[in-house]
Amino acid sequence: MTNLTILQLNDLHGYVEPHSELQRDAHGDFQFAQMGGLARIKTLFDQARQENPGGVIALDNGDTFHGTHFAVQDRARAMVPLINVT
Numbered sequence: 000m001t002n003l004t005i006l007q008l009n010d011l012h013g014y015v016e017p018h019s020e021l022q023r024d025a026h027g028d029f030q031f032a033q034m035g036g037l038a039r040i041k042t043l044f045d046q047a048r049q050e051n052p053g054g055v056i057a058l059d060n061g062d063t064f065h066g067t068h069f070a071v072q073d074r075a076r077a078m079v080p081l082i083n084v085t
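Under numbering that gives the first Met the number 0, the first residue of the sequence shown is numbered 0, with each subsequent residue one higher.
Right under this line is the structure:
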């Protein structure tokens, strides 16, 4: 039997570096949580690819190339190579 792993990324909003966001925890309380960061995301994607060679599909579902100055300053051209290595 062949296994398929689907990796899904969305709402990056141009955050190339990790950042804190206010989120609800399991009890419904608000807590700041570390979010995003392409290096962190790449590490997780690489781990999945190592665990299932040739059986991984990675999808980006949008809201990637806007939201930060880095993302919009050159109409996302600087982000494309970073996304491609993820």
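Note that CB positions come from ideal geometry on N, CA and C, so glycine has one too.
Small disclaimer: the values here were computed from a predicted structure and weren't measured.
Open item on the list: On the criterion of 16 or more Cβ atoms from any shown chain inside 10 Å, does Thr4 qualify as buried, or is it exposed?
Closed with: Start at 1 with the first residue of the sequence shown, and residue 4 comes out as number 5. With fewer than 16 other Cβ atoms within 10 Å, it is exposed.
Task: Cβ neighbours of Ile56 in the same chain (closer than 6 Å, five flanking residues each side left out) - done: To locate residue 56, count along the sequence shown from 1; it is residue 57. Leaving aside the five residues that flank Ile56 on each side, the residues in its chain whose CB is nearer than 6 Å to its CB run, in chain order, Ile5.
Task: Residue environment, Leu11, which counts as buried when at least 16 other CB atoms sit within 10 Å - done: Locating residue 11 in the sequence shown gives position 12, where the first residue counts as 1. By the neighbour-count criterion, in which 16 or more other beta carbons inside 10 Å mark a residue as buried, Leu11 falls on the buried side.
Open item on the list: For a test of the three-state rule: what should DSSP assign to Gln72, helix, strand or coil?
Closed with: Numbered from its first residue, the sequence shown carries residue 72 at position 73. Correct three-state label for Gln72: coil.
Open item on the list: Can you look up Thr42 in the DSSP assignment and give me helix, strand or coil?
Closed with: Mapped onto the sequence shown, residue 42 falls at position 43. The answer is helix: DSSP assigns Thr42 an H, G or I state.
TODO: Given a cut-off of 8 Å, decide if Phe44 and Thr85 are closer than it, judged by their beta-carbon atoms.
DONE: Here residue 85 refers to the residue found at position 86 when the sequence shown is read from its first residue. Here residue 44 refers to the residue found at position 45 when the sequence shown is read from its first residue. A contact, by the Cβ cut-off of 8 Å.
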